[in-house]
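Using the numbering used here, you'd call the opening residue of the sequence shown number 34 and step up by one each time.
Built from N, CA and C at the ideal position, the CB exists for glycine as well.
As the structure is a prediction and not an experimental result, all values here were calculated from the model.
Taking it in order: structure first as structure tokens, then the write-up.
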Amino acid sequence: MLLHSALVLVVVVLVNLGSVANAAEPPSYDLNNATLAVVVDPHFHRQDGANLLDQLRAFLGVGTLELLQHGGLNVEYYGIADYALRSDLTAVVSVATCADTWAIYRRMEQETLLQLAITDADCPRLPSDVGLTIPLTESGGVLPQMILDMKMARALTWRSAIVLHDNSIDPYLLDRLLAALAVSTPDTLPSSVTAYSLPVEHSDWKRRKRVEGVLRSLPLSRLTRLGERYLVLVGSDLVGVIMDVAKSLGMVHPLSQWLYVLSDATFGNLVTLTSLLHEGDNVAFVANYTSSAPQETCDAGVQCHARELLRAFLVALDRSVRDEQELATQVSDEEWEAIRPAREDRMALLLSHVRDLLRTTGSCGNCTAWRLRSADTWGLSHSEVPGTSRVPPPRMAPGGGSVVEEPTTTARRSTAPRRSRRAARGGAQPWAQLGQLHDEEDDDDFAWSLPQPRSRPHITASLVDVGWWRPREGLTLEDHIFPHAAHGFKGRTLPLVSFHVSPTSLER
């Protein structure tokens, strides 16, 4: 009798534990009964979104029946002043200002749910692992948002920057761009920004002299790195002059970074600029690839983005539920309980589906696009390329090992008069000494001079694609904007020559 009671007690305890575990999981854990909260600010872009909440309610009523073939969806609608979000939600779609968008995010930051937001221009995007943010940028006014996205993605980690611009940029747009560079967020540090205007001259000689005068007047400091980060906003007719003058003044070197934003550039314009690139330059270009299609065919308003975002969510939810149902039918109930995706995995899968659908089927704002290309320059003067002299392979010994051959020309003692290191540099910048071998101490009587390498043909630098920027997706990078600053020579194959100098051959 006691044994029977003990068994019953154990069974009851196990059942209760299972009930508690199931109760701890919110209802949204099961995508078959998902819950979507729609939060709309009625005053946000009122000229474009009159009665937007009613339009979204009507769209979801029809779209749920047409697009959601698997599972179910409960939709709750809120205004920006009276929204009450719960932890059992599957996703939140918000159409609100930048401040309200981030307030919703911080309120639900601890919850595992998908956040899809349509907000103001010049607004930092929500973290990419929790949701999708679509800033409503205007045609011709996307530069501040693009620079802000670069900073938020830590593609530009500049502590200070000098902005050079001509009169083609609107003063209001320039103020927004400077604010985007100087903004401080929890993940980024503010940047000190200084802007200089380049005067417009029709004469080539006057244009060059004016550019040279502005560049010479810039405050440069190696201690604060001021004068090593440049953002240039000019037309394609002026960029060549700036590149040439800056190089002649020693302002382009391996420690500096120059980012040219060209609103009127074409692929042909960029190719012609490669002749102005030299060994060790860190130069990148952002070229405008916006379509010239009529404005009415390039809808980028709040209604277009809202309908497209909701459609992508419905299709993504249907796919996720269908895939889970197909997998659940192939295993037992006990196995499904053990292998079913966690809530975080389901949210990540939903977000991935939404991104893929918007990228492949989305049309809102697709006319605007900017292409990022970077100069591949490091190691060009010494790299092994077809048609140039190559270092001969080492001669093999009979036993299979290589033989170290004596150099045909040995190092010799220089007859140059004694000079100190400071005098030898002559006040030049430290980057001017890169690539040169110096063994000069203040107490040395000599300097070693090595045999000069054979002359090599000039190799023109090339431009490599590093990414794209679009208003909806934001910044998409395939590499660093300045690859050499991050990776050095970046896989370049360089010929190396080694030789042995006996200590007894050194004369003091």
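How big is the Cα-Cα spacing for residue i and residue j?
i      : j      : result
ALA333 : SER127 : 17 Å
GLY524 : ALA518 : 13 Å
ASP472 : GLY283 : Bear in mind that a pLDDT of 39 at ASP472, under 50, signals an unreliable position, so the number given afterwards is only what the model happens to contain. So the alpha carbons of these two residues sit roughly 24 Å apart.
THR166 : LEU382 : 17 Å
LEU342 : MET141 : 20 Å
SER120 : GLU144 : 6 Å
LEU86  : VAL335 : 12 Å
CYS337 : GLN363 : 40 Å
SER172 : PRO252 : 34 Å
GLN148 : ALA129 : 13 Å
ALA320 : TYR293 : 8 Å
HIS103 : GLY174 : 41 Å
ALA279 : ASP162 : 41 Å
ASP314 : ASP277 : 12 Å
GLU245 : VAL272 : 13 Å
TYR112 : ASP270 : At residue 112 the sequence reads Gly, which differs from the Tyr that was named. Rounded to the nearest angstrom, the two C-alpha atoms are 50 Å apart.
ARG139 : SER250 : 45 Å
ARG404 : SER217 : 26 Å
LEU118 : LEU146 : 11 Å
THR10  : TYR205 : Residue 10 lies beyond the residue range present for the chain, which begins at 34 and ends at 541; the question has no answer from this structure.
ARG241 : ASP203 : 23 Å
SER281 : TRP238 : 15 Å
ILE180 : SER365 : 52 Å
THR190 : ARG388 : 26 Å
GLY507 : SER201 : 24 Å
HIS513 : ALA186 : 11 Å
How should residue i be labelled, buried or exposed, when 16 other C-beta atoms within 10 angstroms of its C-beta is the threshold for buried?
i      : result
PRO536 : exposed
PRO516 : buried
GLY521 : exposed
GLU357 : buried
VAL304 : exposed
ALA371 : exposed
ARG379 : buried
ALA132 : exposed
SER453 : Here SER453 scores only 41 on pLDDT, less than 50, and its place in the model should not be relied on; the value that follows carries that caveat. With fewer than 16 other Cβ atoms within 10 Å, it is exposed.
VAL95  : exposed
ALA375 : exposed
HIS76  : exposed
ARG8   : Missing from the structure shown is residue 8; the chain here goes from 34 to 541 and no further.
LEU122 : buried
LEU360 : exposed
ALA465 : The pLDDT assigned to ALA465 is 40, lower than 50, so where the model puts this residue is not dependable, and the model offers no usable value.
ALA114 : exposed
ASP74  : buried
ASP498 : exposed
Cutting at 8 Å between CB atoms, please list the residues of its own chain near residue i, excluding the five before and the five after it.
i      : result
HIS198 : LEU207, ALA228, TYR229, SER230, LEU231, VAL265, LEU266 and VAL267
GLY105 : ASN65, ASN66 and ALA67
ARG243 : LEU231, PRO232 and GLU234
LEU211 : VAL196, VAL226 and ALA228
THR307 : ALA408, THR493, ALA494, SER495 and LEU496
ALA215 : PRO223, SER224, SER225 and VAL226
TYR116 : ALA70, VAL72 and ILE137
If residue i and residue j are in contact, beta carbons under 8 Å, what's the gap, nearest whole angstrom?
i      : j      : result
ARG406 : PHE318 : 5 Å
CYS397 : ARG505 : 7 Å
LEU390 : VAL348 : 6 Å
LYS184 : ALA213 : 7 Å
ALA494 : THR410 : 5 Å
THR152 : PRO177 : Rounded, the Cβ-Cβ distance is 14 Å, inconsistent with contact.
ASP351 : LEU100 : 6 Å
ALA70  : VAL125 : 5 Å
TRP501 : ALA402 : 6 Å
Counting only the same chain and skipping the five closest in sequence on each side, list residues whose C-beta sits under 6 Å from that of residue i.
i      : result
SER414 : GLU312
VAL530 : none
THR221 : LYS184
ILE137 : SER127
CYS156 : CYS131 and PRO168
SER296 : ASN321
THR97  : LEU106
With a threshold of 7 Å on Cβ separation, who are the neighbours of residue i within its own chain once the five nearest residues in sequence on each side are excluded?
i      : result
CYS400 : THR323, SER324, ALA326 and CYS331
VAL247 : TYR229 and LEU231
ARG90  : TYR110
PHE92  : ARG340 and LEU343
LEU310 : VAL316, ALA408, THR410 and ALA494
ARG209 : ASP155 and PRO177
VAL274 : ARG240, ARG241 and VAL244
Problem set entry | Inside the stretch 93 to 172 only - beta strand (DSSP E) runs reaching at least 3 residues | If only complete runs of 3 or more residues are kept, the stretch 93 to 172 shows the beta strand (DSSP E) at 105 to 112, 124 to 128, 147 to 152 and 164 to 168, in order along the chain.
For this session: Could you tell me which uninterrupted alpha helix (DSSP H) segments, each at least 4 residues in length, are contained entirely in the stretch 329 to 396, listed from first to last along the chain?
Result: 335 to 361, 366 to 372 and 376 to 394
For this session: Please specify which runs of the beta strand (DSSP E), each continuous and at least 3 residues long, are wholly inside the stretch 216 to 275, giving them in chain order.
Result: Those beta strand (DSSP E) runs which fall completely within the stretch 216 to 275 and span 3+ residues are 225 to 230 and 262 to 266.
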